[in-house]
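Note sheet for the following structure.
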Amino acid sequence: MDSTAARKPRRGSSKRAGTKAAKAAPSGEPELVQLLTPEGERVEHPDYSIDLSSEELRGLYRDMVLTRRFDAEATTLQRQGELGLWASLLGQEAAQIGSGRATRDDDYVFPTYREHGVAWCRGVDPTNLLGMFRGVNHGGWDPNENNFHLYTIVIGSQALHATGYAMGVAKDGVDSAVIAYFGDGASSQGDVAEAFTFSAVYNAPVVFFCQNNQWAISEPTDRQTRVPLYQRAQGYGFPGVRVDGNDVLAVLAVTKAALDRARAGEGPTLVEAFTYRMGAHTTSDDPTRYRRDEERELWEAKDPILRLRTLMEREGHADEAFFTALEAESDALAKRVRDVVRSMPDPDHMAIFENIYADGHALVDEERAQFAAYQASFAEESR
Amino acid sequence: MDSTAARKPRRGSSKRAGTKAAKAAPSGEPELVQLLTPEGERVEHPDYSIDLSSEELRGLYRDMVLTRRFDAEATTLQRQGELGLWASLLGQEAAQIGSGRATRDDDYVFPTYREHGVAWCRGVDPTNLLGMFRGVNHGGWDPNENNFHLYTIVIGSQALHATGYAMGVAKDGVDSAVIAYFGDGASSQGDVAEAFTFSAVYNAPVVFFCQNNQWAISEPTDRQTRVPLYQRAQGYGFPGVRVDGNDVLAVLAVTKAALDRARAGEGPTLVEAFTYRMGAHTTSDDPTRYRRDEERELWEAKDPILRLRTLMEREGHADEAFFTALEAESDALAKRVRDVVRSMPDPDHMAIFENIYADGHALVDEERAQFAAYQASFAEESR
Amino acid sequence: MSVEKLSIAKAINASLRTALENDPKVLIMGEDVGKLGGVFRVTDGLQKDFGEDRVIDTPLAESGIVGTAIGLALRGYRPVVEIQFDGFVFPAYDQIVTQLAKMHARSLGKVKLPVVIRIPYGGAIGAVEHHSESPEALFAHVAGLKVISPSNASDAYWMLQQAIQSDDPVIYFEPKRRYHDKSEVDTEAIPGPLHTARVAREGTDLTLAAYGPMVKTCLEAAAAAAEEGKSLEVLDLRSMSPIDFDSIQASVERTRRLVVVHEAPVFYGSGAEIAARITERCFYHLEAPVLRVGGYHAPYPPSRLEDEYLPGLDRVLDAVDRALAY
Amino acid sequence: MSVEKLSIAKAINASLRTALENDPKVLIMGEDVGKLGGVFRVTDGLQKDFGEDRVIDTPLAESGIVGTAIGLALRGYRPVVEIQFDGFVFPAYDQIVTQLAKMHARSLGKVKLPVVIRIPYGGAIGAVEHHSESPEALFAHVAGLKVISPSNASDAYWMLQQAIQSDDPVIYFEPKRRYHDKSEVDTEAIPGPLHTARVAREGTDLTLAAYGPMVKTCLEAAAAAAEEGKSLEVLDLRSMSPIDFDSIQASVERTRRLVVVHEAPVFYGSGAEIAARITERCFYHLEAPVLRVGGYHAPYPPSRLEDEYLPGLDRVLDAVDRALAY
Ligand SMILES: Cc1ncc(C[n+]2csc(CCOP(=O)(O)OP(=O)(O)O)c2C)c(N)n1
Ligand SMILES: Cc1ncc(C[n+]2csc(CCOP(=O)(O)OP(=O)(O)O)c2C)c(N)n1
Ligand SMILES: [Mg+2]
Ligand SMILES: [Mg+2]
């Protein structure tokens with residue numbers, strides 16, 4: 227629907243456009259909170275508003291561009307054999323930057339394996355994300371440094387961790403909030419449903435942020451649900467809202483509102499960011515087996531970065547120098563990522579036996595010693 | 227709310243009463259389909275109607291009375307040490323008989339451990355239910371004889387079995403339906419949520435029948451949900467309806483409509499039967515630790531059997547002879563149950579090794595032989 | 002009080018109470034742990050005294066319980082989770098195995114998961130299906146978990162204290178059939194290491210190794226054997242992961258014969274691990290193969306058959322006789 | 002065609018195709034098994050040829066997949082379930098352990114559960130966490146399940162045929178690192194019994210027992226040892242529940258030494274069960290304790306460490322040397 231929508235009045239000049247966006251579209255698609263159309267027009271929404279300075283808009287733009295560039299570089303590094311795998315977020319930049327920028331430092335984030343943009347917002351050095359994809363660790367950063375938990379691969383598990391963490395936040399009597407990311411496919415997992423139940427019963431300050439990128443590997447969303455996912459929340463007694471996941475402004479506004487609700491003691495919210503996985507599921511995947519190019523083309527017209535750029539250019543939020551500088555910054559980031567990854571050392575063999583237990587375990591000690599002796603025997607032999 | 231409701235117009239004489247029942251009650255309790263008030267008055271409902279002959283009403287009454295009597299006898303047998311445990315259905319007779327009688331012979335039922343009334347409707351000999359509570363088996367009946375699956379103790383599991391079975395029914399192209407029973411507590415289990423997802427995605431002909439008896443052992447329903455349970459269905463894309471679970475007529479009508487929907491290829495329905503566990507969770511439980519007598523008294527006024535009797539007596543659906551004969555039939559049933567249980571033999575020791583595999587397993591054979599030899603060694607010693 | 006005679010159930014209750022008192026971060030979570038005090042009354046009175054915020058009745062969803070406990074631990078709490086019965090831990094198995102056990106390693110040691118999972122386990126209580134199982138091997142096989150089981154009230158108290166204080170996830174198996182067995186608990190003692198075996202009875206002819214509910218059975222067997230002039234040593238292993246192989250080895254080097262006893266099925270059970278490793282360590286000491294007494298490769302049977310299914314005095318003595326016959 | 006050279010992946014595909022052709026009740030279920038043909042392309046082309054009604058893309062929920070497969074089996078279908086990777090079977094563990102494994106016994110034999118669960122397992126493919134595990138012991142310990150793993154294309158084809166035809170639930174572990182290994186498959190052969198071990202190489206000095214991916218490693222070890230003048234027998238166990246102890250015993254009675262090799266952690270692994278039972282059966286035959294080579298008591302490590310973690314040629318030969326040194 228979005229791509230065929232007629233040009234809409236400019237920012238702030240019309241309530242009609244916003245109201246229209248809030249209603250069900252003629253195609254049968256359900257309502258979708260939108261503040262920036264695919265054509266780069268600002269529209270209003272009765273429930274959500276946002277007013278950002280030029281600097282803030284540039285900030286969001288920069289985040290998205292750098293994230294995309296980082297992501298592309300990682301894909302390249304995978305092709306070159308430097309990474310074993312990469313899960314690209316291409317197309318989901320607005321969903322991730324908008325929601326990531328809505329969080330406060332003291333909030334806590336529970337990501338899946340694809341939240342590179344959110345990690346960026348949280349201040350995690352992007353090179354840290356690559357360790358697990360290179361195979362040198364299972365997650366190289368300290369979750370508590372940026373309140374950004376490790377990537378979780380087992381689908382849906384982290385929704386419960388986030389809920390428990392939020393229960394703890396509430397116990398602590400502070401007004402931080404927690405945000406749990408998951409995908410459309412994950413919505414089918416029992417753990418996600420149980421997270422809904424627990425968070426509602428304990429009124430936990432958690433936002434469930436579902437990036438509905440239309441696909442769970444090869445399965446379209448209709449293999450997971452026959453109604454829009456945001457509606458799932460209602461049956462558990464908390465609000466659900468669908469936002470245009472390619473509209474960074476709407477995502478920011480909607481997520482901020484949901485986090486504020488959590489802070490205010492009003493409990494969980496489900497945000498469904500309606501977006502699209504532009505690339506393959508991971509570098510191991512071959513989407514030509516299960517989806518058509520036309521679908522991708524349709525979504526290209528809704529590109530999250532392009533539409534913000536259109537707005538910024540038309541409204542003069544940035545000059546050419548900004549875009550040129552950003553290009554250079556992107557190149558520098560890509561180079562740094564490349565350099566860091568290439569020089570990332572393999573872990574020491576003994577790392578197999580480290581950090582299995584915080585307080586030690588006799589068998590680990592025994593096996594470590596045996597392993598060391600065995601390794602040493604080769605060293606002796608080769609001497 | 228029900229017990230304080232004023233006397234309502236008689237059967238068929240008013241649409242108002244029914245409409246009223248369908249709306250949210252002043253107490254904030256959500257709508258509840260009701261066709262027979264606690265005072266034994268017939269009321270109408272805009273969406274559900276029922277017109278039963280006197281014989282049919284007597285049938286339902288008889289089912290409920292005999293089920294209650296059977297249940298009481300089982301409780302007694304537990305106290306006498308003949309059973310290790312009993313899970314009483316006291317108070318839930320209407321929910322079980324109404325729904326059980328709504329099923330067709332070719333439908334398939336997946337019960338919890340408390341569906342003694344449903345078992346009765348399906349034609350399972352009640353004495354067969356007692357084997358597992360006595361400890362002579364884990365479920366003594368052939369599920370396919372009455373299309374009544376074995377009792378399932380692990381909470382929520384059977385919702386998925388029912389869904390899979392219903393997927394099979396649909397594949398077979400027949401118009402049978404499947405009904406899965408579970409409790410308010412079970413609604414929190416991931417398996418139940420996954421059953422909702424699968425049944426919706428595959429449009430499986432299954433009815434989820436949740437007996438909300440207000441308690442999961444010691445936990446009131448607000449430990450499982452903060453909104454009425456029937457609303458859960460909506461978020462999965464199928465209808466949910468709350469029925470007065472102590473009103474056998476409404477339960478029958480609502481369940482039948484849901485089963486018919488399934489048959490017609492319209493997919494799953496969630497029925498929440500709002501009822502009350504009058505007794506302890508099981509004979510091992512002590513409800514005085516967690517709930518007040520007053521609550522029970524409130525619900526006594528809504529007794530499912532009493533209200534039907536009131537209706538039958540007032541409208542002349544049965545004479546005294548019927549009630550007298552039923553009393554005798556109850557006594558006979560109780561006696562038969564007692565006799566059968568008391569003479570129920572302990573299983574042969576070798577049964578430990580039977581039916582573990584359909585096609586055999588070398589280790590089972592080995593252990594069976596060792597066990598037999600070991601047992602025989604005692605026989606020899608004692609000779 | 003300092004020394005008191007307590008049942009195992011009461012000792013666990015006292016230990017939970019102590020933990021709640023000593024550390025405001027300790028939480029109790031589970032189904033019916035509040036007003037009811039748990040189906041075995043092990044948490045009796047705790048919610049009343051510590052409030053609903055610290056003794057938490059949860060929704061009926063085991064994965065949710067363990068999953069939120071993990072989140073609470075990440076926030077700095079120390080949840081002690083109750084699983085109502087052994088057979089109901091499996092919905093939580095994924096969270097335990099893929100998250101709880103691995104998160105410390107996944108984070109290169111950055112996060113700690115001080116979560117205790119209490120599981121009443123084992124049979125002989127005349128219960129229906131799923132209420133009498135011994136799944137300890139399914140946890141001990143998984144790196145990142147510690148698996149322990151007390152056999153008496155003092156260990157019940159102290160091992161739980163130590164489990165709660167540990168920064169590692171601990172699966173604490175409670176021998177439910179022994180809940181009412183009483184013995185002395187010194188709540189001011191200084192406990193020994195958590196994962197060390199204890200010589201429950203000294204002997205010279207053969208070692209019986211057991212844990213949890215089977216320790217008592219083995220002690221009874223040893224007493225009976227003594228009347229026949231056989232001197233059996235009984236080791237209470239206390240910990241199934243790690244296993245104190247040193248103590249078993251030391252005992253076997255003296256007695257030269259070992260019988261391992263547990264309720265769990267023998268096939269792929271803890272007895273297999275003990276037999277394999279002790280045989281390797283004591284190959285020239287063993288006069289007989291390590292024999293195992295345990296459950297059969299069968300679902301736990303209906304309760305009227307459990308006496309036959311479970312290892313009892315006679316089956317232990319039968320194995321002892323077979324081992325001594327070598 | 003009758004004899005063809007196929008990769009293990011293609012042999013499984015052919016076996017599924019045969020089953021779908023021969024029996025209208027056979028269904029394929031799992032995540033991405035349809036158009037994608039599974040992440041390993043093992044179900045490639047099947048949905049195209051047999052339709053969405055028989056080759057079913059499921060919601061992303063493993064408990065739901067196995068739970069509905071049970072329901073379908075109760076209705077008379079024979080579902081073959083694909084779990085995408087070893088590490089993702091755990092959400093389904095409860096349905097497998099408490100329902101699938103026990104329902105036949107629970108019903109006193111009245112209902113049958115012909116469900117096959119295919120799990121690509123094991124490491125050495127350079128994958129991220131949860132994609133390289135070997136959880137077979139966690140299933141073999143549970144009565145009611147059968148657990149098997151082929152090591153070559155012919156077994157991959159025939160063991161799957163037999164698993165699908167079996168009225169019991171079967172966990173079929175696919176050695177994913179060997180998916181592309183090719184060997185001859187005779188699709189008109191008459192297969193031997195499903196749970197019998199196979200002598201993969203004859204030898205006289207020591208027996209190597211393995212299954213799945215480690216059979217090839219052991220064959221390579223045997224070849225290397227032969228060059229040093231050591232004659233190793235290699236047994237392909239094929240089945241982890243039941244285990245063909247008779248064949249192992251027969252071999253060990255000749256070779257007098259046994260080394261068991263698997264990728265799974267040694268602690269509480271299948272090697273423990275084999276060591277315990279074979280030591281009991283062959284106490285006077287064994288010249289050395291049964292040695293075990295396998296994974297460490299550690300989470301499966303990041304892929305850059307997997308070569309060190311996994312048992313390889315050298316570690317097998319090291320154990321062989323140690324066993325021969327007795
Ligand atoms: C429990 C579990 N099952 C299966 C997988 C394999 N898997 C990885 S990603 C994925 C699809 C996830 O889809 P979605 O939740 O929509 O997230 P997206 O990848 O689209 O971001 C699957 C099936 C897994 N990681 N965990
Ligand atoms: C997975 C699982 N966890 C815990 C239990 C123990 N248990 C048995 S019944 C019950 C409460 C069930 O409540 P509800 O679903 O409302 O059914 P009701 O007993 O009220 O009919 C619990 C917790 C169980 N049987 N299965
Ligand atoms: Mg997706
Ligand atoms: Mg209930």
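Protein chains in written order, with the working numbering: chain E, 227 to 609; chain H, 227 to 609; chain D, 2 to 327; chain C, 2 to 327.
Don't be surprised by glycine CBs; every beta carbon is placed ideally from N, CA and C.
Tell me whether residue i sits in a helix, a strand or coil according to DSSP, three-state version.
| i | result |
| --- | --- |
| Met241 of chain C | strand |
| Pro337 of chain H | coil |
| Ile126 of chain C | coil |
| Thr99 of chain C | helix |
| Ser184 of chain C | strand |
| Arg42 of chain D | coil |
| Phe597 of chain H | helix |
| Ser425 of chain H | helix |
| Gly296 of chain D | strand |
| Pro266 of chain C | strand |
| Ala490 of chain H | coil |
| Tyr391 of chain E | helix |
Could you tell me if residue i is buried or exposed, where buried requires 16 or more neighbouring beta carbons within 10 angstroms of its beta carbon?
| i | result |
| --- | --- |
| Gly254 of chain E | Legend: pLDDT at Gly254 of chain E = 48, less than 50; position of this residue unreliable, no value from coordinates given. |
| Arg540 of chain E | exposed |
| Tyr274 of chain E | buried |
| Ala250 of chain E | Low confidence applies to Ala250 of chain E: its pLDDT is 42, below 50, so where it sits in the model is not reliable enough to give any reading. |
| Tyr173 of chain C | buried |
| His131 of chain C | buried |
| Glu32 of chain C | buried |
| Ala247 of chain E | Its pLDDT being 35, under 50, Ala247 of chain E is placed unreliably by the model, and nothing is read from it. |
| His181 of chain C | exposed |
Could you work out which residue in the options is closest to residue i when comparing CA atoms only?
| i | options | result |
| --- | --- | --- |
| Ser569 of chain E | E:Pro272, E:Ala385, E:Leu386, E:Arg360 | E:Arg360 |
| Thr451 of chain E | H:Ala426, H:Thr293, H:Asp410 | H:Ala426 |
| Ala484 of chain E | E:Asp585, E:Arg468, E:Arg535 | E:Arg468 |
| Ile9 of chain C | C:Ile279, C:Thr44, C:Tyr94 | C:Thr44 |
| Leu195 of chain D | D:Asp182, D:Ala224, D:Pro151 | D:Pro151 |
| Ala321 of chain H | H:Leu496, H:Ala584, H:Thr481, H:Phe579 | H:Thr481 |
Just checking: is the beta-carbon of residue i within a distance shorter than 9 angstroms of some beta-carbon in chain H?
| i | result |
| --- | --- |
| Glu307 of chain D | yes |
| Arg278 of chain D | no |
Using a C-beta cutoff of 9 angstroms, does residue i count as contacting chain D?
| i | result |
| --- | --- |
| Asp398 of chain H | no |
Step through the CB atoms of chain C and report whether any lies within less than 9 angstroms of the CB of residue i.
| i | result |
| --- | --- |
| Ile405 of chain H | no |
| Gly394 of chain D | As displayed, chain D neither begins before 2 nor continues past 327, which places residue 394 of chain D out of reach and without an answer. |
| Ala248 of chain H | Note that Ala248 of chain H has pLDDT 37, beneath the 50 cutoff, so the model's placement of it is unreliable and no number is given. |
Exercise for the section: Count the CB pairs spanning the region 219–230 of chain C and the region 241–252 of chain C that are closer than 8 angstroms, and state whether there are at least three. Expected result: Contact between the region 219–230 of chain C and the region 241–252 of chain C is absent, because fewer than three Cβ pairs lie under 8 angstroms.
Problem - Stretch pair the region 66–83 of chain D + the region 15–30 of chain D: three plus CB contacts closer than 8 angstroms - result: Taking a contact to require three or more Cβ pairs closer than 8 angstroms, the region 66–83 of chain D and the region 15–30 of chain D qualify as touching.
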